[in-house]
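Enquirer: One structure coming up, written as C-alpha cells, with questions to follow.
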Amino acid sequence: RYDGLSELLGGPRVPGVGFAFGVERVALALEAEGFCLPEEKGPDVYLIPLVEEAVAEAFYLAEALRPRIRAEYALSPKKPGKGVEEALKRNAAFVGFLGEDELKTGEVTLKRLATGEQVRLPQREALGFLLSALA
Numbered sequence: 001r002y003d004g005l006s007e008l009l010g011g012p013r014v015p016g017v018g019f020a021f022g023v024e025r026v027a028l029a030l031e032a033e034g035f036c037l038p039e040e041k042g043p044d045v046y047l048i049p050l051v052e053e054a055v056a057e058a059f060y061l062a063e064a065l066r067p068r069i070r071a072e073y074a075l076s077p078k079k080p081g082k083g084v085e086e087a088l089k090r091n092a093a094f095v096g097f098l099g100e101d102e103l104k105t106g107e108v109t110l111k112r113l114a115t116g117e118q119v120r121l122p123q124r125e126a127l128g129f130l131l132s133a134l135a
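So for the sequence shown, the UniProt record's numbering puts the first residue at 1; every next one is plus one.
This is the structure in C-alpha cells:
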C-alpha cells in the first residue's frame with residue numbers, strides 16, 4: 001500500500017495502492033506459452049571515433065545517416081579492437097572508424113563485420129555505399 005505517499009510528496013492525505021511485475025517474468029511466461037519476442041535488430045553501422053577529436057565527427061556522420069539507415073556511435077574514443085567488439089555486441093552490420101587520417105581527408109573506414117571486408121571512402125559517399133551494401 002502507498003498510504004501516506006501523497007502526504008510525503010506535499011499532497012492531501014489519500015489512501016493508495018500499487019502493483020509491479022517484472023518484465024523478465026512476463027517474457028519467460030510468454031516464452032513458456034510458445035510466444036517468442038522478436039529479436040532486436042542492431043544498427044546498420046556503428047561508428048567508432050579512434051581519437052578524441054573524432055567524437056563530434058562520429059555524431060555528425062551518424063546524424064547525417066539516420067534518416068535512411070540505423071546508425072549509432074560510441075560516445076568516447078575506442079581502440080579498433082574494442083570498437084569491433086562493441087559493434088558485434090550491438091549486432092551491427094558495419095563498423096565505421098574515424099581516426100586522425102580520416103579526419104584530415106574527410107573519409108570514413110567501413111568494415112563489414114560478417115566478412116571482414118573493409119573500404120575507405122569519403123563520408124559523403126558512405127550513405128550510398130551502405131544502402132547498396134545492405135540491400
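Backbone N, C-alpha and C fix where the C-beta goes; we use that ideal spot for every residue, glycine too.
Small disclaimer: the values here were computed from a predicted structure and weren't measured.
1) In whole angstroms, what is the alpha-carbon distance linking LEU98 and ALA74?
2) With a threshold of 6 Å on Cβ separation, who are the neighbours of VAL84 within its own chain once the five nearest residues in sequence on each side are excluded?
3) Which residue spans inside the UniProt domain "Anticodon-binding" (44-131) form an unbroken alpha helix (DSSP H) run of at least 4?
4) So what does DSSP say about ARG13, is it helix, strand or coil?
5) If you follow the alpha helix (DSSP H) that ARG1 is part of, which residue opens it and which one closes it?
6) Compute the Euclidean distance between the alpha carbons of residue 183 and TYR2, then round it to the nearest angstrom.
7) Between which two residues does the alpha helix (DSSP H) carrying GLU31 extend?
8) Within 8 Å, do at least three Cβ pairs link the segment 23-31 to the segment 48-66?
9) State buried or exposed for LEU110, treating a residue as buried only when at least 16 other CB atoms are found within 10 Å of its CB.
10) Select from ALA92, TYR60, ALA56 the residue whose C-alpha is nearest the C-alpha of PRO77.
Expert: This is what the structure holds:
1) 11 Å
2) VAL95
3) 55-65, 80-89, 100-105
4) coil
5) Here ARG1 belongs to no alpha helix (DSSP H), and DSSP marks it neither H nor E.
6) No information on residue 183 is available, as it lies outside the stretch 1 to 135 that the chain covers here.
7) 23-32
8) no
9) buried
10) ALA56
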